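Scroll down for the structure; my scribbles are underneath it.
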Amino acid sequence: MGRPKITVVGAGNVGGTVAQRLAEKDAYEVVLVDIVPGVPQGKALDITQAGPVCGYSTRVVGTNGYDETAGSSIAVITSGIPRKPGMSRDELLATNAKIVRSVVQELVSRSPNIILLLVTNPLDAMVHVARQVSRLPKSRVLGMAGVLDTARLRSFVAEELHVSGMDVQAMVLGGHGDTMVPLVRQTTVAGTPITDRLPQDRLAALIKRTQDGGAEIVGLLKTGSAFYAPSAAAVDMVEAIMNDQKRVLPCAMLCEGEYGLKDVIVGVPVTLGRSGGESIVEYELTAEERRALQASADAVRELCGVVDRLMTA
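The opening residue of the sequence shown carries number 10 in the numbering used here; numbering runs sequentially from there.
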């Protein structure tokens with residue numbers, strides 16, 4: 010039957026790096042889609058030519074259409090535009106929602122059993138759009154944000170304590186941005202609670218830096234945004250699904266009563282396996298964490314309401 014096919018839509022920095030990381034796994038066929046002629050083809054050729062050096066034989070196809078995506082197991086959707094100077098939030102929402110709507114229609118029509126993994130911002134609202142358009146079960150429409158936010162917090166804690174980031178465990182829930190909800194009680198260093206290792210003011214500073222993580226990188230780059238860590242986070246989710254790892258990772262997924270949240274998409278712990286988001290894992294939250302998660306969900310709900318109005322206008 011050959012290797013499972015993974016499609017990456019959007020051949021910018023994030024999408025191109027996702028395709029590269031997937032190719033290096035030497036386990037998939039990768040299709041890279043972009044509307045700009047030559048760009049996905051050129052990046053696919055470049056990734057292919059790295060194979061003999063890096064030790065993989067992955068078939069990587071670049072295309073400006075969607076026929077090559079037929080039969081995909083997963084699609085990682087990175088396509089969209091960043092907010093430009095003078096652009097309102099509503100303009101960004103409307104533009105990216107239209108892009109995601111078109112992409113999802115093209116993908117699902119050719120791969121009805123596909124799992125959609127959204128990376129396009131504003132993340133939670135784009136998952137909402139993808140669910141509406143695709144009409145797929147909620148287990149097959151997920152958003153990548155929590156894995157990235159958690160990785161940022163883990164790296165900042167590791168830097169602060171001079172330890173390996175792999176020994177830091179954490180879980181960041183909620184929306185992607187200022188309303189994210191780090192679970193402090195779930196944050197440990199080699200099994201030791203973070204509160205035993207860091208004073209409250211330093212921990213608060215690291216959480217604040219995590220919330221501003223994307224903006225910090227944008228400020229440094231001047232003409233771009235993060236792509237190494239986001240691409241790594243997306244591929245981590247792909248691997249968890251394709252290898253049926255049953256890993257519990259924070260993903261944007263529709264809640265239907267979990268954590269007291271109803272009919273709203275927000276970052277929660279999800280067991281990832283071969284059928285996608287197989288279940289939402291409910292941790293015991295403090296009253297403060299529950300209030301913060303509710304506030305984050307309310308912000309997402311408001312944003313999704315704006316998207317719905319814009320899409321029907």
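Just so you know, even glycine gets a beta-carbon here, dropped at the ideal spot from N, CA and C.
Note that the structure is a prediction, hence the values are computed from the model and not measured.
Given this structure, state the Cα-to-Cα distance separating residue i from residue j, to the nearest angstrom.
i, j, result
"residue 53", "residue 41", "7 Å"
"residue 200", "residue 145", "38 Å"
"residue 115", "residue 213", "44 Å"
"residue 311", "residue 317", "10 Å"
"residue 226", "residue 161", "11 Å"
"residue 170", "residue 124", "38 Å"
"residue 25", "residue 19", "8 Å"
"residue 289", "residue 43", "33 Å"
"residue 306", "residue 235", "25 Å"
"residue 76", "residue 154", "29 Å"
"residue 190", "residue 302", "6 Å"
"residue 103", "residue 273", "19 Å"
"residue 120", "residue 232", "35 Å"
"residue 292", "residue 57", "43 Å"
"residue 141", "residue 246", "22 Å"
"residue 185", "residue 207", "25 Å"
"residue 122", "residue 81", "8 Å"
"residue 182", "residue 38", "32 Å"
"residue 254", "residue 269", "27 Å"
"residue 211", "residue 283", "39 Å"
"residue 21", "residue 92", "15 Å"
"residue 237", "residue 320", "32 Å"
"residue 152", "residue 17", "14 Å"
"residue 99", "residue 202", "41 Å"
"residue 204", "residue 46", "52 Å"
"residue 287", "residue 209", "35 Å"
"residue 294", "residue 277", "12 Å"
Compute the beta-carbon to beta-carbon distance between residue i and residue j, rounded to the nearest angstrom, for a pair I have assumed lies under 8 Å.
i, j, result
"residue 281", "residue 243", "Contact flag wrong, Cβ pair sits at about 12 Å."
"residue 87", "residue 128", "5 Å"
"residue 198", "residue 156", "Not quite, the Cβ-Cβ distance comes to about 19 Å (not below 8 Å), so this is no contact."
"residue 149", "residue 285", "5 Å"
"residue 2", "residue 23", "Because the chain here runs from 10 to 322, residue 2 falls outside it and cannot be looked at."
"residue 258", "residue 275", "Actually they do not touch by this definition, with Cβ atoms about 14 Å apart."
"residue 158", "residue 219", "6 Å"
"residue 126", "residue 172", "About 30 Å; that fails the 8 Å criterion."
"residue 89", "residue 105", "4 Å"
"residue 15", "residue 83", "5 Å"
"residue 188", "residue 322", "26 Å between Cβ atoms; not a contact."
Closer than 7 Å to a non-hydrogen atom of the ligand FMN - does that hold for the CB of residue i?
i, result
"residue 200", "Looking for the ligand FMN in the displayed structure turns up nothing, as the structure carries no ligands at all."
Pick helix, strand or coil for residue i, following the three-state DSSP scheme.
i, result
"residue 90", "coil"
"residue 179", "coil"
"residue 49", "helix"
"residue 131", "coil"
"residue 232", "coil"
"residue 287", "strand"
"residue 172", "coil"
"residue 67", "coil"
"residue 202", "strand"
"residue 295", "coil"
"residue 25", "helix"
"residue 207", "coil"
"residue 270", "coil"
"residue 151", "strand"
"residue 197", "strand"
"residue 251", "helix"
"residue 221", "coil"
"residue 36", "coil"
"residue 120", "coil"
"residue 97", "coil"
"residue 146", "coil"
"residue 12", "coil"
"residue 80", "coil"
"residue 301", "helix"
"residue 322", "coil"
May I ask you to list the residues that DSSP assigns as paired with residue i?
i, result
"residue 42", "18, 72"
"residue 85", "17, 126"
"residue 262", "275"
"residue 163", "Beta-bridge pairing links residue 163 to no other residue."
"residue 190", "182"
"residue 256", "281"
Query raised in the report: Should the region 296-305 be called in touch with the region 166-178, which here means at least 3 C-beta pairs below 8 Å?
Result: No: fewer than three Cβ pairs fall under 8 Å.
Report task. Count the CB pairs spanning the region 57-73 and the region 25-36 that are closer than 8 Å, and state whether there are at least three. Result -> By the criterion of at least three beta-carbon pairs nearer than 8 Å, the region 57-73 is in contact with the region 25-36.
Query raised in the report: Do the region 130-142 and the region 257-269 touch if we need at least three Cβ pairs shorter than 8 Å?
Result: These segments touch.
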